[in-house]
């Protein structure tokens, strides 16, 4: 897992703490303490120097060259943790940036409730943002009927595998539950770990699996109904999804079983995939970056890796289902005196899908979830990576990743208590009943992030 995903998890846990909302709502908009200079201010952080420099050259300098208003002034604020701590304090005092970067809708919700974000509906209509963004993405920033957040990156869960390993054993990449179980049994018989997964480096890895089984067993419509309060989390379809995940752990298919799972490290799992000691890796689309030390041209094995959508584990799911998460968003500060300039910059980013895809090819960035056409993809983009974005864009249903669409305490419950299910200390039924209690408390407090519809066709 990349540093970026880890930072986002820390932020969501912090957002659930006491006093943050009170501190924000107690501030006066338009504070005289605001000090942002003469330019349009944006505080951001980057995973690498190359991504930072690329962003300046391609997404800052061209805007400033063509924009007649206030120029964009980019301020780099360390990693996500330090950036968001500084930004939260500044926003509370009315001195924050004009454009506000957040780590996703779950994190931005507190600012919406504190009336620190400007509604974007007029700008969205003027510039046509709803038509440019994928429908689910626009919906992920809508709360109470108004748009407040524009998603600027997205991710999904996939299966990465070593094609040579599958060819050597004569295996077929599974597309449904029966095929997966046949594959997993065969892999285990051959001494190969069926699914590479482990939480030694990052305990919240468990929520990757919960996200997968919620969506690909119970189905996105069921999860949508639970997120919107139409059904409870103890619904039998949701309990069944957790029971199936527990069963696969008991069979030793997930990370080698419950004991090994908690000691497996990411570097070891990638090495097993390279060496043919593991068959599939259940991981996020950030894998295209994180696999670089293991599958690369210097090692002569870069062409060996491939990926596939997750199997349809339930009767109501299909293999072309993608559970989606928003990696980051932009909003306009309600205190900003340069809201028109801020909207113009958001529009600049949304106006050129080809530029977004060039950044994927050149510096492995995560693109804005725009409506992409074939001509937007550069020739140098790895066709395997392009296949992911083609697949997500063509999907007629989307699922929900826990770290984007669940409120903070519920999200922490999901992975902490699922670990107890894995080790046999908690039953799937009791786990889901407990989640229902925590979720309902947060729903009553208005802490559930926006939930777009699962059907997007």
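Residue numbers (the UniProt record's numbering): 1 to 457.
All C-beta atoms, glycine included, are put in the ideal place defined by N, C-alpha and C.
Reduced DSSP secondary structure (H/G/I, E/B, other) of residue i
i	result
residue 149	coil
residue 22	Any reading at residue 22 must be qualified, since the residue scores a pLDDT of 43, below 50, and its modelled position is unreliable; no value is offered.
residue 252	coil
residue 273	helix
residue 293	coil
residue 316	coil
residue 185	helix
residue 336	coil
residue 306	strand
residue 328	strand
residue 43	strand
residue 244	helix
residue 404	helix
residue 416	helix
residue 323	strand
residue 397	strand
residue 156	strand
residue 239	helix
The beta strand (DSSP E) enclosing residue i, as first and last residue numbers
i	result
residue 73	72–76
residue 195	193–196
residue 282	278–284
Residues near residue i in its chain [Cβ-Cβ closer than 7 Å; skip 5 each side]
i	result
residue 517	Outside the modelled stretch of the chain, which goes from 1 to 457, sits residue 517, for which no answer is possible.
residue 361	378, 380, 381
residue 200	262, 263, 264, 265
residue 339	118, 332
residue 53	none
residue 288	364, 385
Buried or exposed by the 16-neighbour rule on C-beta atoms within 10 Å, applied to residue i
i	result
residue 76	exposed
residue 264	buried
residue 203	exposed
residue 115	exposed
residue 38	exposed
residue 29	Because the pLDDT of residue 29 is 36, which lies under 50, any placement of that residue in the model is unreliable, and the question is left without a value.
residue 455	exposed
residue 172	exposed
residue 445	exposed
residue 65	exposed
residue 194	buried
residue 94	buried
Same chain, Cβ closer than 6 Å to residue i, neighbours up to 5 away in sequence not counted
i	result
residue 41	73, 97, 98
residue 462	The question about residue 462 has no answer, for the chain in this structure spans 1 to 457.
residue 238	218, 432
residue 393	372
residue 140	105, 151, 326, 450, 452
residue 175	311, 319
residue 415	204, 206, 207
residue 316	219
Unbroken alpha helix (DSSP H) run spanning residue i, endpoints
i	result
residue 436	428–444
residue 209	206–213
residue 345	339–350
residue 391	383–394
residue 231	Careful: residue 231 lies outside any alpha helix (DSSP H) and carries neither H nor E.
residue 372	Here residue 372 belongs to no alpha helix (DSSP H), and DSSP marks it neither H nor E.
residue 129	129–132
residue 139	135–139
residue 164	163–169
residue 359	353–363
residue 199	From DSSP, residue 199 is part of no alpha helix (DSSP H); its letter is neither H nor E.
Cut-off 8 Å between Cβ atoms - residues of its own chain near residue i, not counting five sequence neighbours on either side
i	result
residue 106	12, 15, 403, 404, 405, 406, 407, 408, 411, 449
residue 83	43, 44, 45, 77, 101
residue 302	295, 296
residue 427	421
Near the ligand MG: residue i beta-carbon under 7 Å from a heavy atom
i	result
residue 442	Here there are no bound small molecules, and the ligand MG is not part of this structure.
List, from N- to C-terminal side, the alpha helix (DSSP H) runs of 4 residues or more that fit wholly inside the region 49–123. The region 49–123 contains these whole alpha helix (DSSP H) runs: 49–55, 61–66, 80–93, 105–113.
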